[in-house]
Amino acid sequence: MASSVISSSPFVCKSPAKKDLGVSSFRKASQISIHGCQRKSISRKIVSVMAPQRSSSTSGSVKTGMTMTEKILAKAAEKSQVVPGDNIWVNVDVLMTHDVCGPGAFGIFKREFGDNAKVVLNLAINILSLLAFSLFVIVTSTLKVWDSEKIVVIPDHYIFTSDKRANRNVDIMREHCREQNIKYFYDITDLGDFRANPDYKGVCHVALAQEGHCRPGEVLLGTDSHTCTAGAFGQFATGIGNTDAGFVLGTGKILLKVPPTMRFILDGEMPSYLQAKDLILQIIGEISVAGATYKTMEFSGTTIESLTMEERMTLCNMVVEAGGKNGVIPPDATTFNYVENRTSVPFQPVYSDANARYNHIFVADYRFDVSKLEPVVAKPHSPDNRALARECKDVKIDRVYIGSCTGGKTEDFMAAAKLFHAAGKQVKVPTFLVPATQKVWMDVYALPVPGAGGKTCAQIFEEAGCDTPTSPSCGACLGGPADTYARLNEPQVCVSTTNRNFPGRMGHKEGQIYLASPYTAAASALTGHVTDPREFLQ
Amino acid sequence: MAAASLRSVNPTLPRTLPSPTRSPPFQSPFLRFAPTSTSFNLKPLVTPPSPFVTRSAAASPQERKTFHGLCYVVGDNIDTDQIIPAEFLTLVPSNPEEYQKLGSHALVGLPASYKDRFVEPGETKTKYSIIIGGENFGCGSSREHAPVCLGAAGAKAVVAQSYARIFFRNSVATGEIYPLDSEVRVCDECSTGDVATVELREGDSVLINHTTGKEYKLKAIGDAGPVIDAGGIFAYARKAGMIPSAAA
């Protein structure tokens, strides 16, 4: 029987249930390291729930209830019921890859599933071009991906560079997509002017959402750890490696272990100076970089319901930084409105069986009173090295970076512009702006910022002395080739709206990266120190 | 299908409509099993010892289950950027020449506080067979280049307190390296350069540090073992008859 403990003390060290939920051993019991006990914290209530054992009910007579993630996976595995720990074969709805992992994934697909038809074809072409042309017409490669309309190929990582291998990788993807007739390939050929490429989008996770590939209830896999971003749409989305992706390319299925779900209930009105980035940094600081390993992080509560889709994406984006397998948010009118404006593919939303009777289906419960939270940063060199922004005000910085799937979306730039406009000052350090996609870039130049008398983000950024917004891509979030714009090539201190700050993440091994919200990043740019955005916002 | 087309034409239809009829789930020509089977348990393919050759290195059955060599010790939260910095991700692991190059860059992202390099400059192979780690080894990116570069460099196993899930999964899927769980903080008791043996046995596995004379129990690798033994998820699936063998 589930029991809840509500503590009235300012801080409670939460010990998530460590009971073995019958997890069969693809991997033995995960380890949860608790750093939180030593951390200072804002006063809030924490509810601790002990989850009793749930056994795999093959008889089906006793329904134990399922979380959202369990329901999505059960449906994708064509089963009526699953429990955490089950290894199941799951049908994949969408597979995404990009320029870094795509060549490897397709390479493995061809090596493992291919016969020699293509090799013979190439030989013929070399020997007799005329005869080969007729051969080409008659003999087509027999190797086909499982569904050429369920694969989305999005070059985004190393695009605007002269690195020959990086450029070659985009060419390789073009060849694969042509050969396999991949419907969604957001190609780029003119590296000198991104606007000359009508198909090119930019950062994969933002493009997936903007192009209508994210839908409630579906299973989306990507060869990138931040694929978990799409969980904001109420779907199962997680990152996989090249080999797994090669397998999916051929079969459309993947073997997954059903994760248990940790529930994070966020209630209260969002303060005007707080953003989703602050919420997720708060949570990761609470449970540590391994706090959600092999688990689902499910976010709900009145605060979550008030968030826009882009803010929800920011929240789910960094689930992987806590070790999480996937993040998920129950879909609602906000979700449906966004999705239905971008796709006409039908979808079926699912929801956790969540009332008091089903509390046991969650392995941990965390509650936050958001109205009491303050802007936070993650100090070098770990995403869980949480500190209040205001307590870091003596940290002198060398630069600010606003971009990436985490903090480079339209609303992220709007927020930064809003703060710059409210402050009416110039930045004190180089401030790099990297819109995530073409659409974001266009919004930065076209949309008026509310309360700024009709000015666009771009105008406000220029007046504040920021760098000109650059070509959309992943940019320097992960360093990249040596000539990547805004790469950290010296041991400097950078405040960034990105997602990881391990040593060397943005380039230089001794670079110091403070992860922050767009508000905090903008405020810090204005002072040249890590700065709480309340200095400039009411 | 009628419900599906209705929905696509008229997006304002309430969501209480019965679930739109989907086309039957894709039946892959590559997978040979009933999709409605109950939970699939990965069973060991053969009882040891067995004569099949692994992909990672041609070895006798004894060598495959026992690794002997020098240790390289790292700390907690060794993330994928430290294992293989992002600038090297342009190397495609399925390209044999670039696979070797990846090995030469293994663990080059570690900070300068690590005095011993995992791979000496100019070399492509490491002299260390066993990597000893702390908590959350392999956290960060989903890049498969991480376990691949360690295997390409010649490491055989990682012994760590815990792993990040994507790294663990990628190690198994590629068959490049054995990710083994220790029960104590082995990284605090071993030093780089210690001579050690890892023995993978049916029940308990063990790490023996010959330099210190200490032995450590390791958690059984379980269902992941046979997959790595076979050389990764594809080789395993073929041996298990789940997908057809590669054409001759």
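Protein chains in written order, with this note's numbering: chain A, -7 to 530; chain B, 697 to 944. Glycine is no exception: its CB is placed at the ideal position from the N, C-alpha and C atoms.
- If you ignore the 5 residues before and after residue 377 of chain A, its C-beta comes within less than 6 Å of the C-beta of 370 and 371, all in its own chain and listed in chain order.
- Taking 8 Å as the cut-off, the beta carbon of residue 366 of chain A is found closer than this to the beta carbon of residue 380 of chain A.
- Below the 9 Å Cβ cutoff, chain A contributes 232, 233, 234, 235 and 236 as neighbours of residue 866 of chain B, in chain order.
- Counting C-beta pairs with one atom in each stretch, the segment 839 to 846 of chain B and the segment 787 to 802 of chain B have three or more that are closer than 8 Å, which means they touch.
- Looking only at B/887, B/903, B/918 and B/910, the smallest Cα-Cα distance to residue 894 of chain B is reached by B/903.
- For residue 511 of chain A, the enclosing alpha helix (DSSP H) has its first and last residue at 510 to 519.
- A distance below 6 Å between beta-carbons, with the five flanking residues on each side excluded, links residue 334 of chain A to the following residues of its chain, in chain order: 204.
- One thing to note: residue 508 of chain A has its Cβ no nearer than 8 Å to the Cβ of residue 453 of chain A.
- Annotated as distal: residue 485 of chain A and residue 394 of chain A, with beta-carbon spacing of 8 Å or more.
- Following the DSSP letters along the chain, one finds residue 231 of chain A inside the beta strand (DSSP E) bounded by residues 228 to 231.
- Residues of the segment 302 to 329 of chain A with a C-beta less than 7 Å from any C-beta of chain B: 315 and 317, listed in chain order.
- Between the alpha carbons of residue 458 of chain A and residue 518 of chain A lies a gap of roughly 10 Å.
- Residue pairing by DSSP places residue 391 of chain A opposite A/486 in a beta bridge.
- Counting every other CB atom within 10 Å of its CB across the protein chains shown gives residue 290 of chain A a total of 16 or more, marking it as buried.
- Under the DSSP assignment, residue 470 of chain A falls outside any beta strand (DSSP E); it carries neither an H nor an E label.
- For residue 778 of chain B, the nearest CB of chain A lies under 8 Å from its own CB, placing it at the interface with that chain.
- Residues of chain B whose Cβ lies closer than 9 Å to the Cβ of residue 157 of chain A are, in chain order, 786, 787, 788 and 794.
- Excluding residues up to 5 positions away in sequence, 234, 235 and 238 lie with their Cβ nearer than 7 Å to the Cβ of residue 100 of chain A in the same chain.
- In the three-state reduction of the DSSP assignment, residue 318 of chain A falls in the strand class.
- Rounded to the nearest whole angstrom, the C-alpha separation of residue 201 of chain A and residue 195 of chain A is 10 Å.
- Of all residues in the segment 202 to 221 of chain A, those with a C-beta nearer than 7 Å to a C-beta of chain B are 215, 216 and 217, reading in chain order.
- Where residue 923 of chain B is concerned, the enclosing alpha helix (DSSP H) starts and stops at 920 to 926.
- One Cα belongs to residue 819 of chain B, the other to residue 849 of chain B, and the distance between them is close to 9 Å.
- Proximity of chain A to residue 808 of chain B at the Cβ level (cut-off 9 Å) is accounted for by 501 and 502, in chain order.
- The shortest CA-to-CA distance from residue 812 of chain B to any of B/766, B/900 and B/910 is the one to B/766.
- Against chain A, the CB of residue 881 of chain B has no partner CB under 8 Å away; the residue lies outside that interface.
- Judged by beta-carbon spacing, residue 306 of chain A lies within the 8 Å limit of residue 268 of chain A, meaning their Cβ atoms are closer than that value.
- Straight across, the Cα-Cα distance linking residue 439 of chain A with residue 916 of chain B is about 57 Å.
- Of all residues in the segment 476 to 495 of chain A, those with a C-beta nearer than 7 Å to a C-beta of chain B are 492, 494 and 495, reading in chain order.
- Note: residue 361 of chain A is bridge-paired with A/259 in the DSSP secondary-structure output.
- At a cut-off of 8 Å between beta-carbon atoms, residue 377 of chain A makes no contact with chain B.
- Near chain A, meaning a CB-to-CB distance below 9 Å, the residues of the segment 821 to 853 of chain B are 831, 832, 835, 836, 837, 838, 839, 840, 841, 842, 843 and 844.
- Taking 8 Å as the cut-off, the Cβ atoms of residue 60 of chain A and residue 315 of chain A do not count as close.
- Per DSSP, residue 238 of chain A is one residue of the alpha helix (DSSP H) stretching across 234 to 243.
- The residue from B/814, B/832 and B/782 with its alpha-carbon nearest to that of residue 824 of chain B is B/814.
- Annotation: Cβ neighbours of residue 285 of chain A in chain B (cutoff 9 Å, chain order): 832, 835, 858, 859, 860 and 861.
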